[in-house]
Amino acid sequence: MSTDDSAQRELLQLLSGKWVTAALSAAAELGLADALTERSLSSSELAERLNCDAHALSRLLRVLCGEGLLASQPHGLYALTELGAQLQTGKLRELARFVGAPFMWQPWANLADAVRDPSRSAFERATGQSLFDHLDRDPEDARIYHHAVDAFTRAAARALCEAFDFSDLDSVVDLGGGLGSVLTELVARYPKLRGVLYDRPQVIKQAGSHFAQHPRIELVSGDFFEQVPQGADAYIIKHVLHNWDDAQAQRILELCAKALKPNGQVLIVESLLLPGDFRDATAFLDLEMLALCGKGHERKKSHYRKLLQQAGLSLRTTTQLVGEVRLLVAVPRGA
Ligand code: SAH
Numbered sequence: 021m022s023t024d025d026s027a028q029r030e031l032l033q034l035l036s037g038k039w040v041t042a043a044l045s046a047a048a049e050l051g052l053a054d055a056l057t058e059r060s061l062s063s064s065e066l067a068e069r070l071n072c073d074a075h076a077l078s079r080l081l082r083v084l085c086g087e088g089l090l091a092s093q094p095h096g097l098y099a100l101t102e103l104g105a106q107l108q109t110g111k112l113r114e115l116a117r118f119v120g121a122p123f124m125w126q127p128w129a130n131l132a133d134a135v136r137d138p139s140r141s142a143f144e145r146a147t148g149q150s151l152f153d154h155l156d157r158d159p160e161d162a163r164i165y166h167h168a169v170d171a172f173t174r175a176a177a178r179a180l181c182e183a184f185d186f187s188d189l190d191s192v193v194d195l196g197g198g199l200g201s202v203l204t205e206l207v208a209r210y211p212k213l214r215g216v217l218y219d220r221p222q223v224i225k226q227a228g229s230h231f232a233q234h235p236r237i238e239l240v241s242g243d244f245f246e247q248v249p250q251g252a253d254a255y256i257i258k259h260v261l262h263n264w265d266d267a268q269a270q271r272i273l274e275l276c277a278k279a280l281k282p283n284g285q286v287l288i289v290e291s292l293l294l295p296g297d298f299r300d301a302t303a304f305l306d307l308e309m310l311a312l313c314g315k316g317h318e319r320k321k322s323h324y325r326k327l328l329q330q331a332g333l334s335l336r337t338t339t340q341l342v343g344e345v346r347l348l349v350a351v352p353r354g355a
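Everything in the sequence shown is counted per the working numbering, starting at 21 for the first residue and increasing by one.
Following this line, the structure appears as structure tokens:
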């Protein structure tokens with residue numbers, strides 16, 4: 021085979037990423053993995069349970085077998101593989117569903133335009149609104165979004181509890197804390213710790229019905245560009261700064277620096293951009309920020325160090341949590 025042929029095959033393989041994503045997301049939307057939790061089923065049994073056309077579903081099942089999510093068994097039965105089980109509710113179903121949901125899928129058709137002119141995000145070009153304005157106006161998309169982010173966050177929450185010792189702290193605020201999985205994990209692990217979940221009003225409302233109220237978690241709604249809850253020992257800012265440009269990120273950090281107790285700490289959890297040409301999940305996340313948030317972007321460690329300095333803080337330690345996700349611990353400058 022000529023090198024041209026093999027390059028062509030490789031490119032075709034890369035382009036097929038769309039098919040894989042769409043098939044996985046459709047499976048998640050249909051609830052396929054949940055239906056196969058108890059036992060293997062035939063395609064007609066599945067079609068009945070999932071309210072699908074049997075022939076169309078069998079075409080999806082064939083692709084999912086090829087991708088290793090399902091295994092075909094004798095007598096026309098399909099079983100979940102370990103990989104396929106990740107599409108169950110409570111695992112990564114919510115995330116897979118979100119990736120293919122129309123409000124998340126359509127913006128990518130405008131990526132080239134956003135690269136030409138990032139002043140309007142691909143999301144805004146597709147929906148006419150910024151991401152968070154859209155979520156405020158569309159409760160169903162907001163539900164899909166926050167559950168997806170939360171599915172991704174649960175593993176990082178456990179890693180954060182292990183990577184950082186909260187046992188000497190009394191209070192922690194999770195800024196832009198979404199549905200509260202980080203705080204839920206923290207208060208379960210640290211019996212004297214109290215937490216404040218701080219997010220936009222709509223999200224706090226959603227969080228209120230998402231988890232059982234906990235006596236040591238307070239739900240507070242507000243705008244972190246205007247004010248943040250005062251006087252905590254630590255402020256967690258997880259996957260928030262990457263939604264914003266430097267001036268906006270600095271504003272959030274400045275408000276935390278002012279609100280901190282004297283020995284307080286700011287705990288940033290973000291993916292870091294690393295040097296080198298490799299298949300980097302943070303680089304993809306950076307493109308996701310370009311598509312969804314326009315001005316938002318991922319940063320290198322040196323960039324965070326500078327942002328922190330400008331906000332009156334200094335970077336103390338950096339610890340790997342899961343994959344590319346890092347915990348950056350900062351303290352007031354001079355502390
Ligand atoms: N920290 C969570 C959620 C990250 S998504 C996690 O890692 O799982 C970004 C969060 O920032 C969303 O929950 C969003 O509602 C919140 N947010 C966006 N703008 C905000 C604002 N102006 N004030 C407070 N929260 C905001």
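We put the beta carbon where it would ideally sit given N, CA and C, even for glycine. Since we're looking at a predicted model, the values are computed, not measured.
If we call anything under 8 Å between Cβ atoms a contact, is residue i one with residue j?
i, j, result
"Ala134", "Ala121", "no"
"Glu114", "Ala168", "yes"
"Ala331", "Gln270", "yes"
"Leu305", "Ser291", "yes"
"Arg174", "Ser201", "yes"
"Phe186", "Tyr218", "no"
"Leu347", "Ala183", "yes"
"Arg145", "Asn130", "yes"
"Asp253", "Leu189", "yes"
"Ala99", "Leu56", "yes"
"His234", "Leu199", "no"
"Leu52", "Leu107", "yes"
"Val387", "Val289", "In the structure as shown, the chain begins at 21 and stops at 355. Residue 387 is therefore absent and cannot be evaluated."
"Val248", "Leu195", "yes"
"Arg236", "Gly215", "yes"
"Ala303", "Gln222", "no"
"Ser60", "Leu97", "yes"
"Leu341", "Leu89", "no"
"Glu318", "Leu293", "yes"
"Leu261", "Ile272", "yes"
"Leu44", "Cys72", "no"
"Arg178", "Glu160", "no"
"Ala301", "Gly242", "no"
"Gly296", "Asn263", "no"
"Thr109", "Asp25", "no"
Tell me which residue opens and which closes the beta strand (DSSP E) that residue i is part of.
i, result
"Ala350", "345-352"
"Ala254", "254-258"
"Ser241", "237-241"
"Leu327", "Here Leu327 belongs to no beta strand (DSSP E); instead the alpha helix (DSSP H) covers 321-330."
"Gln93", "90-93"
On the DSSP letters alone, give me the boundaries of the alpha helix (DSSP H) that residue i sits inside.
i, result
"Ser60", "No alpha helix (DSSP H) holds Ser60; DSSP gives it neither H nor E."
"Thr109", "No alpha helix (DSSP H) contains Thr109, which DSSP labels as neither H nor E."
"Ala76", "74-86"
"Leu35", "23-35"
If you draw a straight line from the C-alpha of residue i to the C-alpha of residue j, how long is it?
i, j, result
"Leu287", "Tyr255", "6 Å"
"Cys85", "Cys313", "35 Å"
"Ser334", "Pro352", "6 Å"
"Leu31", "Arg299", "15 Å"
"Thr337", "Val349", "5 Å"
"Lys212", "Ala132", "50 Å"
"Phe244", "Val193", "12 Å"
"Lys258", "Glu102", "29 Å"
"Ser78", "Met124", "26 Å"
"Gly104", "Gly284", "43 Å"
"Ser22", "Ala48", "39 Å"
"Leu35", "Gln28", "11 Å"
"Lys326", "Ala74", "57 Å"
"Val119", "Ala46", "10 Å"
"Gln268", "Arg82", "47 Å"
"Ser62", "Trp39", "23 Å"
"Pro127", "Thr147", "8 Å"
"Arg220", "Gly197", "9 Å"
"Ala227", "Phe152", "16 Å"
"Lys320", "His154", "29 Å"
"Thr339", "Ser322", "15 Å"
"Glu246", "Leu203", "22 Å"
"Glu388", "Glu274", "Residue numbering for the chain in the displayed model covers 21 to 355; residue 388 lies beyond these limits and cannot be assessed."
"Ala42", "Ile224", "31 Å"
Mind checking who residue i pairs with in its DSSP beta bridge?
i, result
"Gln340", "Arg346"
"Ser334", "Val351"
* **alpha helix (DSSP H) segments (min. 4 residues) lying fully within the region 183-230** => 201-209, 221-230, all fully within the region 183-230.
* List in chain order: all unbroken alpha helix (DSSP H) runs of 4+ residues lying wholly within the region 243-317. => Qualifying alpha helix (DSSP H) stretches, in chain order: 266-279, 301-312.
* To do: Output the residue ranges of the beta strand (DSSP E) runs that lie fully inside the region 97-152 and measure 3 residues or longer, sorted by chain position.
  => Taking 3 residues as the shortest admissible run, the region 97-152 contains the following complete beta strand (DSSP E) segments, listed from N- to C-terminal end: 97-100.
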